[in-house]
Amino acid sequence: MDAFSSEPIVKARNAYILQDQNPVLSKVNFDIGKGEFVYLIGRTGSGKSSLLKTLYADLPLRAGEISVAGYHLEEITHKEVPYLRRKLGIIFQDFQLFLTVR
Ligand SMILES: Nc1ncnc2c1ncn2[C@@H]1O[C@H](COP(=O)(O)OP(=O)(O)OP(=O)(O)O)[C@@H](O)[C@H]1O
Ligand SMILES: [Mg+2]
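Going left to right, the sequence shown walks through residues 50 to 151 as the working numbering numbers them.
What follows is the structure in structure tokens.
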């Protein structure tokens, strides 16, 4: 059995993502297979960071279902969030990744 034939590691079903009361993304559906490498591209303000924030449970999922590494974000508890995040590796775009060397 190859990696792609197992249950998706990330699964979104009819998910709605809001910032405050403003809808950012609606009816989001996708699967990411174990070991799959994917890009998320879109113009500034289109909701890429909002979607990722939802995946690491920094932004609440307002409707629909998303599972990440076996955690169901529509019902995740505050206590479970650190365990979810232990399964993820995240590099933030505003993080100081480069040092200036003189
Ligand atoms: N903390 C916040 N409070 C309210 N609205 C927000 C917040 N963060 C983002 N938004 C709004 O949500 C929408 C999506 O923004 P988001 O940051 O997810 O886009 P992005 O695709 O990551 O953009 P960029 O390419 O600039 O990083 C935008 O309209 C933005 O103004
Ligand atoms: Mg962003």
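For each residue, glycine too, the CB sits at the ideal point set by N, CA and C.
Can you list, in chain order, the stretches of the alpha helix (DSSP H) that have 4 or more residues and sit fully within the segment 93-117? You should have 97-104.
Just checking Leu100 against ligand 3 - is the residue's beta carbon closer than 8 Å to any of the ligand's heavy atoms? Ligand 3 is not part of this structure, which contains only ligand 1 and ligand 2.
My guess is that Ile125 and Ala106 are in contact by the Cβ rule of under 8 Å, so how many angstroms apart are they, rounded? Separation of the CB atoms of Ile125 and Ala106 is rounded to 6 Å, and the pair is thereby assigned contact status at 8 Å.
Give the secondary structure of Ile58 by DSSP, where H, G and I count as helix, E and B as strand, and everything else as coil. DSSP places Ile58 in the coil class of the three-state scheme, outside both helix and strand.
Reduced DSSP secondary structure (H/G/I, E/B, other) of Leu133: The answer is helix: DSSP assigns Leu133 an H, G or I state.
How far does the beta strand (DSSP E) with Asp80 in it reach, from first residue to last? For Asp80, the enclosing beta strand (DSSP E) covers residues 71-81.
Please list, in chain order, all residues of the same chain as Met50 whose beta carbon is under 8 Å from its beta carbon, the five residues on each side excluded. Unreliable placement is indicated for Met50, whose pLDDT of 47 sits below 50; the coordinate value is still reported in the next sentence. Residues of the same chain with a CB within less than 8 Å of the CB of Met50, apart from the 5 flanking positions on each side, do not exist.
Sufficient close CB pairs (3 or more, under 8 Å) joining the segment 61-75 to the segment 99-116: Contact between the segment 61-75 and the segment 99-116 is established, with three or more Cβ pairs separated by less than 8 Å.
Closest to Glu123 by C-alpha separation, out of Asn63, Glu56, Ile58, would be which residue? Residue Asn63 is the option with its Cα nearest to Glu123.
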